[in-house]
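Residues in the sequence shown are numbered consecutively from 1, following the UniProt record's numbering.
Okay, structure first, notes after.
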Amino acid sequence: MIFMPWSRDLSLGLPAIDAQHHWLVDTLNALHTELATHEPDRALIGQVLEGLMDYTVNHFVAEEVLFERYRYPHAQAHKALHDQFTRRVMHMLTDHEAGRSQGGEVVSLLKEWLIQHIMGADKAYAPFLSAAEETERLIALARRQRLRSPRVVVPLLSRAARKRRARQAERT
Ligand SMILES: [Fe+2]
């Protein structure tokens, strides 16, 4: 049985971000399976921690670039959560290198992160970024089609907003 299956609760509806979160779920499940079937494997735990460090650098930067691009109003508080997680992973890596780490700590950290951060703080930015990306896409489309008149662009934006509200209502 899969420890933490991917579910709609984890999905933000932003394909690039979801793919990165999927990697984290797969990592958690692979580590949990390993710990359930063998004695903790130090080399594997080290690999997971190093993978997590790469993840924090790449994934958090990807999110923060989007926050800056679309001026997400809660970017600073969100970034503070990323920094906190990065520090925890760094401590675990240091502990691991000093021979003190337990695989169970890594599983707990990842599970807590998936539930609290992705299902909480990340879910909170998803509608904002989806709306911003959609608006940007429509404006680019209007520019490409030389539809410079507000009489054409405004109805396009309103239609997109209606669709977005309907999708949000479906999700709740
Ligand atoms: Fe995040």
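Think of the CB as a built atom: it goes at the ideal place given N, C-alpha and C, for glycine as much as any other residue.
Fair warning: this is a prediction, and the values are worked out from it, not measured in the lab.
Exposure of D9 is indicated by the presence of fewer than 16 other C-beta atoms within 10 angstroms of its C-beta. Around the beta-carbon of D83, fewer than 16 other beta-carbon atoms lie within 10 Å, marking it exposed. Within the same chain, and ignoring the five residues on either side of I45 in sequence, the residues whose Cβ sits closer than 7 Å to its Cβ are H96, S101, G103, V106. A residue is called buried once 16 or more other Cβ atoms fall within 10 Å of its Cβ, and I17 is buried on that count. Distances from the CA of H91 to each of S7, L52, A19, E133 were compared; the closest alpha carbon is that of L52.
The nearest non-hydrogen atom of ligand 1 is less than 8 Å from the C-beta of A121. Separation of V65 and A80 (C-alpha to C-alpha, rounded to the nearest whole angstrom) is 15 Å.
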